[in-house]
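All remarks here apply to the structure that follows.
Residue numbers (this note's numbering): 17 to 261.
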């Protein structure tokens, strides 16, 4: 399951409804357009969900961000993707922005951290947590379902506590011109995202990293698109995660 590359980023932006602090009601036409931007596996699950459910959920959000003066994003080659069948205590992470989301059937928390993000999905007392962190991040082993170093691309799917989950993650290194263009576009999109954060640059000549997370929802699944930039490596981490219940 391969995420779209940098050239396809505009298609993803135009095909997705973005949410920030508002109730979301996606018309069927917008939902269909968004499905075309997903990888084959995600599209198949979304179409299957759309057949079972004629309505569109109301997704409520409440966001906050924290200003921190000191920051250093780790090297893009040191990123690790992990999945837990439990919650992971937020005090284990340096959290820069977060949003709490809720809709009929589920609730969750999406947090932007130093290296990436933490997504906690909850349904009827059951938990599934996705973590993108640096390799040196100390996390518990209890309840961990997967731990993979993100070299290039990784795909993962499983069913945990009755929640069907799949994720595609890809770290891509691009030339300076493409990176600058995508960095600018993500900065513009940040104000319309589910949650976002613009980090300070390492020096006055280097742009600060940007993290942007967008969301799509049907009555039986939640899809998150996350973008994290690494200016020192001219790298972009893209993940697409689907939680079906």
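Glycine included, every Cβ here is placed at the ideal spot set by N, Cα and C. None of the values given here were measured: they were computed from a predicted structure.
Tell me which same chain residues have a C-beta within less than 7 Å of the C-beta of residue i, skipping the five on either side of it?
{"i": "residue 142", "result": "177, 178, 179"}
{"i": "residue 139", "result": "121, 122, 179, 261"}
Classify residue i: buried if its beta carbon has 16 or more other beta carbons within 10 angstroms, exposed otherwise.
{"i": "residue 99", "result": "buried"}
{"i": "residue 88", "result": "exposed"}
{"i": "residue 120", "result": "exposed"}
{"i": "residue 106", "result": "exposed"}
{"i": "residue 154", "result": "exposed"}
{"i": "residue 220", "result": "exposed"}
{"i": "residue 156", "result": "exposed"}
{"i": "residue 175", "result": "exposed"}
Kindly indicate which residue of the options has the alpha-carbon position closest to the one of residue i.
{"i": "residue 116", "options": "137, 104, 109", "result": "137"}
{"i": "residue 260", "options": "97, 101, 95, 122", "result": "122"}
{"i": "residue 125", "options": "152, 236, 230", "result": "230"}
{"i": "residue 238", "options": "257, 247, 220, 222", "result": "257"}
{"i": "residue 92", "options": "224, 149, 144, 233", "result": "149"}
{"i": "residue 144", "options": "181, 233, 240, 218", "result": "181"}
{"i": "residue 222", "options": "175, 174, 247, 114", "result": "247"}
Got a sec? Which residues, its chain only, sit under 6 Å from residue i by beta carbon, not counting five neighbours each side?
{"i": "residue 130", "result": "110"}
{"i": "residue 43", "result": "Because the pLDDT at residue 43 is just 30, under 50, the model does not fix this residue reliably, and the point stays unresolved."}
{"i": "residue 167", "result": "none"}
{"i": "residue 185", "result": "97, 166, 170, 255"}
{"i": "residue 147", "result": "98, 134"}
{"i": "residue 318", "result": "Given a span of 17 to 261 for the chain in the structure shown, any question on residue 318 remains unanswerable."}
{"i": "residue 151", "result": "94, 96"}
{"i": "residue 90", "result": "131, 150"}
{"i": "residue 104", "result": "145"}
{"i": "residue 164", "result": "97, 170"}
{"i": "residue 241", "result": "230, 256"}
{"i": "residue 47", "result": "Only weak support is given to the placement of residue 47: the predicted model assigns it a pLDDT of 34, under 50, and the value that follows is read from those uncertain coordinates. Here the set comprises nothing."}
{"i": "residue 24", "result": "Residue placement at residue 24 is poorly supported in this model, since its pLDDT is 39, which falls under 50; the coordinates still yield a value, given next. Hits under 6 Å: none found."}
{"i": "residue 188", "result": "252"}
{"i": "residue 217", "result": "223, 224"}
{"i": "residue 108", "result": "none"}
Note down, in chain order, each residue of its chain lying with its Cβ closer than 8 Å to the Cβ of residue i, except the 5 sequence neighbours on either side.
{"i": "residue 226", "result": "199, 202, 203, 206, 212, 213, 214, 215, 243, 244, 245"}
{"i": "residue 158", "result": "102"}
{"i": "residue 190", "result": "22, 198, 250, 251, 252"}
message = Please give the ranges of any beta strand (DSSP E) in the region 94-180, keeping only runs that are unbroken, at least 3 residues long and fully inside the region.
response = You should have 95-100, 111-119, 122-129, 133-139, 142-150, 160-165, 169-176.
task = Answer yes if the region 244-257 comes into contact with the region 184-202, meaning at least three C-beta pairs across the two stretches below 8 Å, and no otherwise.
result = Yes: the two stretches touch, three or more of their Cβ pairs being nearer than 8 Å.
key: Ordered list of beta strand (DSSP E) runs contained in the region 201-255, each at least 3 residues   = Taking only runs of at least 3 residues, the beta strand (DSSP E) segments lying wholly in the region 201-255 are 211-214, 226-233, 237-246.
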